[in-house]
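> Sharing a structure with you now.
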Amino acid sequence: MISKQIKSTTKEFLGNYISIPLLAWLILPLILMDTFVSSLCLNISVYFTKVRHFEPFLIGETVSLYYVGSFIGSLIGGSLTLKYSSLKIASISSILLGIAFLSLINTRDVFELKIMMLCIGLLTNLLSTNNLSSFIRTAKNDPGMKLKLINLELAIFNLSFSISAYVLISLGVELIDYILIFTSICLCVLGIFAYCIKHIDIFSPPKTLNQRGLCKPKNYKILLGILFSVILVGLIFSMIKVIYAPTIENRFGDNGVSVLVASINPWIIFLLQPFLVNRLKNKDNIIVMGFGAFIIGTGYLFFGLSSSFWMTVFSLIFLTLGEMLYSPISKSIIISLFDHGREGFALGLWRAVFLGSGFIGPIFSGWAAQKYGNMMVWEFCGILGLSGLLLCLIISQSYRYTIEVNQLNSATPN
């Protein structure tokens, strides 16, 4: 009995990562590279602290410009998928991003560095949005496969996040520069590869798309409510990017312990994400998403209050649970609110709102950490998490009420 259960669990685990469309395997190298680059950018505060020796407020300003570029890139990237092949856009973005990373290494002027981070944010999210759009389009009209691919991309992203944390925390300055150069070369090579396969029909927008005008969601109220919750969670993640990795390094030192702690969140998501979401996908997704937001906020609050190794580990495991609940479900809901063929637009909208909220977060976080200490930032994360839960409860109740009214109206005789 136990051996059968182990065999069944192993089969399910492997199925979550292997049982994907054949064309999805073709996009996988692009996903691996763009998630690694995105992870490097999200941990860039360590680079600015360790290599450039910036103060927290200057880091906040620079990271904020990255988020501004991310916001613009997500909007543009999502909209372009309605007219052009997602792989064509990804190929151009990948090559330009490779050039931008090489320029980042050689830039010494602070103003030029800020402009460079703005451009990197734009190109990174152009690339990410179109790669994920291509990845999801391989599922065609299968909602279950789309959710599986979203989960897989998130798992890969968190594996990349762990690797990038190791690169930036443990390696020396010279080795970090070599990694950035190698990353730049890989981006250019994969950009050429994407350009060579851009003519595959599935990666082009449906022909009916151009005849139907603007993208209209199936429910405006639900869409606006979900996007507002994305703003709240986006603020949490953008605020902690300024102080999270430096806090780990200050708390445990520049050694293997810091890398281990920084790897807890991504490795748990990589191993457990598909299991958890597959078991909860038939529940009230909006409420599950709300609890995810709450757990993220309170998890970072506990992280800020922690001083010992084990309390830090517990808080990271706790907040990781929230992240596994929130991110894939919120993306899946927004994609479901639009017709087939608009996955790129829906993902671009999600990314634009999530990352666009990051313009305020890093500036506030850098200012608050420098003037009042890091604890103020962690406390504000808890408040935002609670607000996200309350908002999702209201949205869910409103959605249920709308369904009941529609059922009553349809049942009423003329």
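Adding 1113 to a residue's 1-based position in the sequence shown gives its number in this note's numbering. Virtual Cβ for every residue (Gly too), placed ideally from N, Cα, C. Quick caveat: nothing in here was measured; it's all calculated off a predicted structure.
Excluding sequence positions up to five away, which residues of its chain have a Cβ less than 8 Å from the Cβ of N1243?
Answer for N1243: G1190, L1193, T1194, S1199, L1200, I1202, A1203, S1206 and G1457, listed in chain order.
> Where does G1486 fall in DSSP's three states?
Three-state result, G1486: coil.
> Mind reading off the beta-carbon distance from N1378 to L1429? Whole number of angstroms is fine, and I expect it under 8 Å.
That belief holds up - the Cβ atoms of N1378 and L1429 are roughly 5 Å apart, short of 8 Å.
> Report the three-state DSSP secondary structure of N1238 (helix, strand or coil).
N1238: helix per DSSP, three-state reduction.
> Nearest-angstrom Cα distance between L1418 and E1492?
Answer to the nearest angstrom: the Cα atoms are 9 Å apart.
> Per DSSP, what kind of secondary structure is A1252 in: helix, strand or coil?
Three-state result, A1252: coil.
> Looking at the structure shown, is T1162 part of a helix, part of a strand, or coil, going by DSSP?
Three-state result, T1162: helix.
> Shortest alpha-carbon distance to Q1483 belongs to which of M1258, W1138, L1267 and F1170?
Out of M1258, W1138, L1267 and F1170, F1170 has the C-alpha closest to the C-alpha of Q1483.
> In whole angstroms, what separates the C-alpha of N1323 from that of L1260?
At N1323 the pLDDT is 49, less than 50, meaning the model places this residue with poor confidence and gives no usable figure here.
> Cβ atoms of G1410 and C1505: under 8 Å apart, would you say?
No, the pair does not count as a contact, with Cβ atoms beyond the cut-off.
> Measure the beta-carbon distance from S1273 to F1149 and round it to whole angstroms, keeping in mind my assumption that it falls under 8 Å.
Confirmed, Cβ separation roughly 4 Å.
> Report yes if the CB atom of W1463 is closer than 8 Å to the CB atom of V1343, and no otherwise.
Yes; because the gap between Cβ atoms is below 8 Å, this pair is in contact.
> Are the beta-carbon atoms of W1380 and S1275 separated by less than 8 Å?
Result yes, Cβ atoms of W1380 and S1275 sit closer than 8 Å.
> Nearest CA to the CA of D1147: which residue from E1174, L1236, S1216 and L1226?
Here the closest residue by C-alpha is L1236.
> Taking the C-alpha atoms as reference points, what is the distance between D1452 and A1252?
So the two alpha carbons sit approximately 14 Å from each other.
> Cutting at 7 Å between CB atoms, please list the residues of its own chain near A1213, excluding the five before and the five after it.
Around A1213: M1229, C1232, I1233 and L1236.
> Report all residues from its chain with a CB closer than 6 Å to the CB of Y1308; omit the five preceding and five following residues, and keep chain order.
The answer, listed in chain order, is S1204.
> Considering only C-alpha positions, which residue in the set L1438, L1499 and G1461 is nearest to G1186?
Ranking the options by Cα distance to G1186, first place goes to G1461.
> Give the DSSP-derived three-state secondary structure of P1330 in the structure shown.
DSSP places P1330 in coil when its eight states are reduced to three.
> Contact check, V1374 vs I1361 under 8 Å by CB: the rounded distance?
Sure, about 5 Å apart at Cβ, within 8 Å.
> State the Cα-Cα distance for the pair R1455 and I1446, rounded to the nearest angstrom.
Rounded to the nearest angstrom, the two C-alpha atoms are 13 Å apart.
> Would you report the Cα separation of M1437 and F1383, rounded to the nearest angstrom?
Spanning the two alpha carbons is a distance of roughly 10 Å.
> Terminal residues of the continuous alpha helix (DSSP H) containing F1431?
First-last of the alpha helix (DSSP H) with F1431: F1422 to S1449.
> Could you pull out every residue in the same chain whose Cβ sits closer than 6 Å to the Cβ of N1254, ignoring the five residues on either side in sequence?
Taken in chain order, the residues that qualify are H1453.
> With 16 other CB atoms within 10 Å as the buried threshold, where does V1176 fall?
With 16 or more Cβ atoms within 10 Å of its Cβ, V1176 is classed as buried.
> DSSP on S1197, reduced to helix/strand/coil?
Checking the sequence, you will find Tyr at residue 1197 rather than Ser. Correct three-state label for Y1197: coil.
> Which first and last residues belong to the alpha helix (DSSP H) in which E1287 is found?
It spans V1286 to C1309 - the alpha helix (DSSP H) in which E1287 sits, taken as one unbroken run.
> Where does S1317 fall in DSSP's three states?
Correct three-state label for S1317: coil.
> As a quick exercise: from T1433, I1473 and W1138, pick the residue whose alpha carbon is nearest that of I1249.
I1249 has its Cα closest to that of W1138, out of T1433, I1473 and W1138.
> Kindly give me the distance between the Cβ atoms of P1142 and L1303, rounded to whole angstroms, as I take these residues to be in contact under 8 Å.
Indeed, because the Cβ distance is near 6 Å, the residues count as touching under 8 Å.
> Considering just the uninterrupted stretch of the alpha helix (DSSP H) at R1464, what are its terminal residues?
R1464 -> alpha helix (DSSP H) spans E1456 to G1469.
> Buried or exposed: V1490, going by 16 or more other Cβ atoms within 10 Å of its Cβ?
V1490 should be labelled buried.
> Per DSSP, what kind of secondary structure is S1379 in: helix, strand or coil?
A small correction: the amino acid at residue 1379 is Pro; Ser does not occupy that position in the sequence shown. In this structure, P1379 counts as helix in the three-state DSSP scheme.
> Measure the beta-carbon distance from G1469 to F1184 and round it to whole angstroms, keeping in mind my assumption that it falls under 8 Å.
With 8 Å as the limit, G1469 and F1184 qualify as a contact, their Cβ atoms being about 3 Å apart.
> How many Å lie between A1524 and S1443 at the Cα?
Any reading at A1524 must be qualified, since the residue scores a pLDDT of 48, below 50, and its modelled position is unreliable; the value itself is stated next. Using only the alpha carbons, I get a separation of about 32 Å.
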